[in-house]
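Take a look at the structure below.
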Amino acid sequence: MIEHSPSRGARVASRAHRQLSRVQRRLAISVVLALSPLAALVPGAASAQVVPTGGTLSICPNGALGGSGRLWTHAGTNSASACGGYFSFALANGSGAIGSNGSFQSSSLVQGFTDGRLLLRGNAGVAIEGPATFNSAANFTNHRISGLADGAAATDAVNLRQLNAAVSTATGSEYIAFGAPINGVAPVGAHTAFAAGGVAIGDGANAGTAFNARGAVAIGANSLVTYAGGIAIGEGARAGFGRITPNGAVAIGRDSYVTADGSLALGTGATVSIQLATNSVALGASSLADQANTVSVGNAGTGLQRRIVNMAAGALSSGSTDAVNGSQLFATNERVGKLENGDFGLVSFDAARGSVDVATAKGGDRVNIAGTAGRRRLGGLANGLQDDEAVTIAQLKAAGALDPTSGTLLTVLTYDDTSLATAKLAGVHGTVISNLADGQVASGSMQAINGGQLFQALTNTASLLGGGASVGLQGAFVAPTYSIQNSAYHNVGDALGALDRKVSEIDQRVAGAGSARVGTLDAGSSAGSSAARTPSASAAEVAASASASATPTPSAVIGTGAVASGAGAVALGDGAAASADNSVALGNGSVADRANSVSVGSVGNERQITNVADATADTDAVNKRQLDQGVASANSYTDGKMGALNDSFEGLRGEVDGRLRNMDRRIDRQGAMSAAMLNMATSAAGVRTDNRVGVGVGFQGGESALSVGYQRALSDRATVTLGGALSGDDASVGFGAGFGW
């Protein structure tokens with residue numbers, strides 16, 4: 134990672150200046166001068182201007198050892214001079230050419246050597262005006278070169294201004310580019326870090342072509358990043374191309390490129406080719422990822438395919454998203470093959486007959502097909518034919534075990550034995566047979582009769598008997614009551630016997646007295662007499678029919694066959710029966726069998742009570758209109774409360790779901806940043822230079838992260854490290870130092 138702070142440029146320039154100083158101290162520069170032309174000068178053919186401090190210029194011609202040369206003084210005069218050296222050339226304050234190599238000790242000296250070197254020495258330094266050409270190395274140990282113009286050719290020396298400009302082409306404190314020229318004008322092969330936080334390293338590297346490519350990193354010749362957070366590492370690597378500007382794209386490898394958001398291409402020529410292939414990964418040289426949220430290790434278009442090897446076994450569970458390896462799939466295929474072949478003995482298929490056998494090679498006496506959601510239906514069954522074969526619903530309906538319309542299970546009546554002569558019902562306290570149709574009542578009929586037929590027969594019998602005879606609750610027969618001469622008789626025989634006796638007595642009286650008497654008969658008596666009849670019913674007992682019966686006191690009965698057997702009961706209507714205390718039976722055939730109740734019908738013969746006014750008191754009966762209004766009001770109130778409760782619950786559930794999803798994403802981002810930091814640190818661990826940069830990428834749960842770090846080796850025993858990671862809106866940074874001794 135290369136991170137640039139506001140003082141980054143100043144620090145880089147300072148380090149460059151110190152480095153240049155060290156180079157100047159170490160370089161040995163030899164200046165080659167062509168002394169032969171000077172040595173070949175003849176007396177009077179050359180002159181020199183020297184400083185007015187007694188300086189001289191001495192030149193000895195080639196081969197002048199022991200001969201004479203020329204000497205120029207500061208006054209401009211020249212004279213012959215003995216040459217004590219060979220190839221001598223001396224320039225000094227009051228100097229002379231003495232010595233075989235022209236050596237001379239003075240405050241200022243230019244000395245020539247036979248090996249072509251020229252020595253310039255002086256306390257005031259050396260000033261060279263005009264261009265200077267060096268054919269080999271020049272040694273400026275412990276000296277600076279000042280007034281140096283900007284280098285233009287490839288072999289020209291550069292000055293400090295050019296060095297500082299080479300550190301970065303951008304003027305802002307967040308831009309770093311290595312190799313770009315001064316003022317950001319980048320010729321062919323330059324490096325550009327255009328956007329905030331961008332880094333470009335390598336010939337033609339371009340970290341962003343727009344200001345919105347913040348944090349872009351381009352490393353390698355002609356690498357390119359066109360949008361925020363992108364990374365391109367390798368020659369020709371491109372995170373974005375042309376007008377396509379993906380966010381967070383990463384391309385690593387020569388000629389790799391990515392054009393989709395959040396995608397990674399790793400390997401030479403690896404490609405994420407379309408913008409819709411977001412969050413995809415292309416692994417390996419020439420791999421192609423062209424679908425969103427996928428990992429590709431090859432290219433179907435070119436026939437390139439790879440195996441993923443050395444993969445650990447994935448977790449096998451209902452919620453697992455792990456990939457499985459070959460050994461796991463082999464074990465599954467082996468089990469499936471055994472199932473198909475019947476090796477497990479669970480299911481086997483007879484191809485010749487087309488039949489399937491289940492668990493033929495296993496023990497046990499039960500086959501369970503229930504699932505985790507409960508029991509299952511078994512469909513496609515044919516009607517069973519053998520005693521041990523399953524039967525179908527159609528067979529059960531035909532046998533009367535199921536209702537043909539609703540499919541409801543019916544209890545089946547079975548015979549006692551195969552003779553079918555008797556059938557015993559299994560109720561603990563007997564069994565009620567319901568919904569029995571009317572049986573035929575005729576001579577020779579063997580059909581069962583139902584309760585309705587029996588009730589009607591009893592009712593008809595009671596009507597014939599008179600005397601208040603009736604059929605009460607549960608079909609109980611209420612015996613008649615015949616009142617003869619103030620005596621009650623409850624069966625026909627007793628009543629006829631009493632009547633016979635009374636008739637006999639009357640006959641005897643008539644015969645004995647010879648005159649007619651007036652007899653008193655009960656209103657319920659059926660006896661006829663020519664004498665006047667006087668009703669004997671009390672005010673508390675009212676019977677408005679000869680066959681009506683009002684037994685308790687007080688009771689009221691109106692209607693043929695009506696019975697009021699309860700205390701204070703009222704029976705109004707033919708066949709009405711009020712058997713409970715204080716009950717009222719209104720209408721033909723009505724039955725009041727509960728105390729303090731009013732009945733307007735009987736079971737199966739219900740009646741409506743119409744024209745009921747709206748209730749006003751708590752004990753009044755309500756009509757249908759009031760009931761509908763009450764139900765509607767209750768439903769509206771309940772719906773409102775349940776709706777509000779449901780809205781509150783849905784809101785709470787949505788909020789909790791949102792928080793959990795955000796937490797999952799943050800956990801995945803933290804994991805991705807941890808993986809990125811780890812890979813960044815390990816990738817830079819083996820570098821043995823003073824400045825180390827590491828880049829790492831991490832992934833977890835569909836989230837990706839980028840980590841960049843920088844380490845400076847202060848010495849062999851001390852380092853400082855700065856690194857950071859980012860994933861979406863989350864970021865982390867750390868600083869560390871290491872010491873050893």
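Residue numbers (our numbering): 134 to 874.
Every residue gets a Cβ at the ideal spot worked out from N, C-alpha and C, and that includes glycine.
Are the CB atoms of residue j and residue i within a distance shorter than 8 Å?
i	j	result
Leu514	Ile502	no
Asn432	Leu416	no
Ala838	Ser860	yes
Leu855	Gly842	yes
Pro379	Ala393	yes
Gly608	Leu597	no
Phe588	Val574	no
Ala697	Val703	yes
Ala713	Gly699	yes
Gly400	Ser413	no
Asn458	Met444	yes
Gly694	Ala595	yes
Leu558	Thr564	yes
Ile337	Ala365	This sequence places Gly at residue 337; Ile is not what is there. Going by C-beta atoms, Gly337 is not nearer than 8 Å to Ala365.
Gly362	Arg387	no
Gln759	Asp751	no
Ala287	Leu281	no
Arg347	Leu357	no
Ala808	Gly827	no
Gly517	Gln528	yes
Arg727	Ser735	no
Quick one: using the 10 Å Cβ neighbour count with 16 as the cut-off for buried, is residue i buried or exposed?
i	result
Asn339	buried
Ala754	exposed
Asp105	Given that the chain is displayed from residue 134 to residue 874, the structure contains no residue 105 and the question cannot be resolved.
Met775	exposed
Leu705	buried
Arg825	buried
Tyr615	buried
Asp404	As written in the sequence, residue 404 is Thr, which differs from the Asp given in the question. Classification for Thr404: buried.
Asn426	exposed
Leu449	exposed
Asp862	exposed
Thr454	exposed
Met810	buried
Pro613	buried
Ser766	exposed
Met796	exposed
Val391	buried
Ile526	exposed
Ile617	buried
Ser429	buried
Met579	exposed
Ile278	exposed
Val350	buried
Gly857	buried
Thr822	exposed
Val88	Past the boundaries of the shown model lies residue 88; the chain is included only from 134 to 874, so the question cannot be answered.
Tyr360	buried
Going by DSSP, which residues form a beta bridge with residue i?
i	result
Val826	Tyr843
Leu409	DSSP, once it has assigned bridges, lists no residue as partnering Leu409.
Phe872	Ala851
Val561	Gly563
Leu437	Asn432
Ala710	Val696, Val724
Glu836	Gln833
Leu598	DSSP, once it has assigned bridges, lists no residue as partnering Leu598.
Gly867	Gly856
Val764	Answer by DSSP bridge pairing: none, since Val764 is not bridged.
Ala290	Answer by DSSP bridge pairing: none, since Ala290 is not bridged.
Ala884	Residue 884 lies beyond the residue range present for the chain, which begins at 134 and ends at 874; the question has no answer from this structure.
Taking contact to mean at least 3 C-beta pairs separated by less than 8 Å, is the stretch 841-851 in contact with the stretch 786-793? Not touching, per the Cβ criterion.
Per the contact definition of three or more C-beta pairs closer than 8 Å, is the stretch 715-723 in contact with the stretch 732-741? Pairwise C-beta distances place the stretch 732-741 in contact with the stretch 715-723, as three or more of them are shorter than 8 Å.
Could I get the ranges of all uninterrupted beta strand (DSSP E) runs contained in the stretch 351-391, with 3 residues as the minimum, in chain order? Complete beta strand (DSSP E) runs here, min 3: 364-366, 383-385.
Residue ranges of each alpha helix (DSSP H) within the stretch 513-595, 4 or longer: DSSP runs (the alpha helix (DSSP H)) wholly in the stretch 513-595: 526-531.
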